[in-house]
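Colleague: Please see the structure below; I have some questions.
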Amino acid sequence: MLLEKLQQDQITAMKSGDKARLGVLRMMISELKNMQIELKAKNVELDDVESLKVLTKEAKKRKDSILAFESANRLDLSEIEKAELLIVEEYLPKQLSEDEIQSVVAECASNIDTKDFGSVMKMAMEKLKGRVDGKIVSELVKKALSF
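Take any residue in the sequence shown, count from 1 to its spot, add 234: that is its number in this note's numbering.
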């Protein structure tokens with residue numbers, strides 16, 4: 235399980251004295267444990283799918299922070315967020331390239347009779363779940379449907 239891997243890596247980071255990595259690992263473990271508590275209340279176990287959702291959300295937070303800090307000309311804080319993002323992304327599945335995403339979007343658009351943005355977007359996100367940023371998919375769906 236992903237949580238166990240993070241806990242093992244946390245021990246390794248403690249032993250090596252890598253404080254930056256340790257902080258990010260602690261944050262991810264904390265978020266996963268919070269999700270585990272939420273799911274336990276619903277009688278559901280935390281699995282890797284739910285864990286990946288949490289880590290994807292954390293990666294998105296970092297990306298948003300990077301944009302905010304760069305627009306505010308706070309490059310020092312932006313660099314910290316970039317370093318944290320790299321650590322979080324180590325535990326996420328490999329992100330697809332724009333060409334790969336575009337081919338999936340084109341396939342989804344051709345499979346749906348109505349050229350409805352919502353329908354195409356929903357089908358594409360189901361196929362690409364966890365491996366792409368929704369903003370990129372949205373832009374490519376709009377382009378494919380010529381919005």
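Where is the CB? At the ideal position from N, CA and C, for every residue including glycine.
Measure the C-alpha to C-alpha separation of G352 and A340 and round it to an integer number of angstroms.
Modeller: Residue mapping note: residue 352 aligns to position 118 of the sequence shown, counting from 1. Residue mapping note: residue 340 aligns to position 106 of the sequence shown, counting from 1. Computed Cα separation, rounded: 14 Å.
Colleague: Is it the case that the Cβ atoms of L266 and V283 are separated by a distance below 8 Å?
Modeller: The residue labelled residue 266 in the question sits at position 32 within the sequence shown. The residue labelled residue 283 in the question sits at position 49 within the sequence shown. Result no, Cβ atoms of L266 and V283 do not sit closer than 8 Å.
Colleague: Mark M235 as exposed unless 16 or more other C-beta atoms lie within 10 angstroms of its C-beta, in which case mark it buried.
Modeller: Against the sequence shown, residue 235 aligns to sequence position 1. Classification for M235: exposed.
Colleague: Could you tell me how far apart the beta carbons of I263 and Q241 are, in whole angstroms, since I believe they sit closer than 8 Å?
Modeller: The residue given as residue 263 occupies position 29 in the sequence shown. The residue given as residue 241 occupies position 7 in the sequence shown. Right, their Cβ atoms sit about 6 Å apart.
Colleague: As a quick exercise: from A378, T246, A317 and D243, pick the residue whose alpha carbon is nearest that of S344.
Modeller: To locate residue 344, count along the sequence shown from 1; it is residue 110. Ranking A378, T246, A317 and D243 by Cα distance to S344 puts A378 first.
Colleague: How long is the line joining the alpha carbons of R260 and I370, rounded to whole angstroms?
Modeller: Stepping through the sequence shown from its first residue, residue 260 is reached at position 26. Stepping through the sequence shown from its first residue, residue 370 is reached at position 136. Roughly 29 Å between the two C-alpha positions.
Colleague: Hey, would you say R365 sits closer than 8 Å to I321, going by beta carbons?
Modeller: Within the sequence shown, the letter at position 131 stands for residue 365. Within the sequence shown, the letter at position 87 stands for residue 321. No, the pair does not count as a contact, with Cβ atoms beyond the cut-off.
Colleague: Specify, as a first and last residue, the run of the alpha helix (DSSP H) that D333 falls within.
Modeller: As a first step, residue 333 is located in the sequence shown; it is residue number 99 there, counting from the start. Where D333 is concerned, the enclosing alpha helix (DSSP H) stretches over E332 to N345.
Colleague: For the segment 241-274, which segments carrying the beta strand (DSSP E) assignment without a break, of at least 3 residues, lie completely within its bounds, in sequence order?
Modeller: Fully enclosed beta strand (DSSP E) runs of 3 or longer: not present.
Colleague: Distance check for D252 and L286, CA to CA, integer angstroms please.
Modeller: Indexing the sequence shown from 1 puts residue 286 at position 52. Indexing the sequence shown from 1 puts residue 252 at position 18. Roughly 24 Å between the two C-alpha positions.
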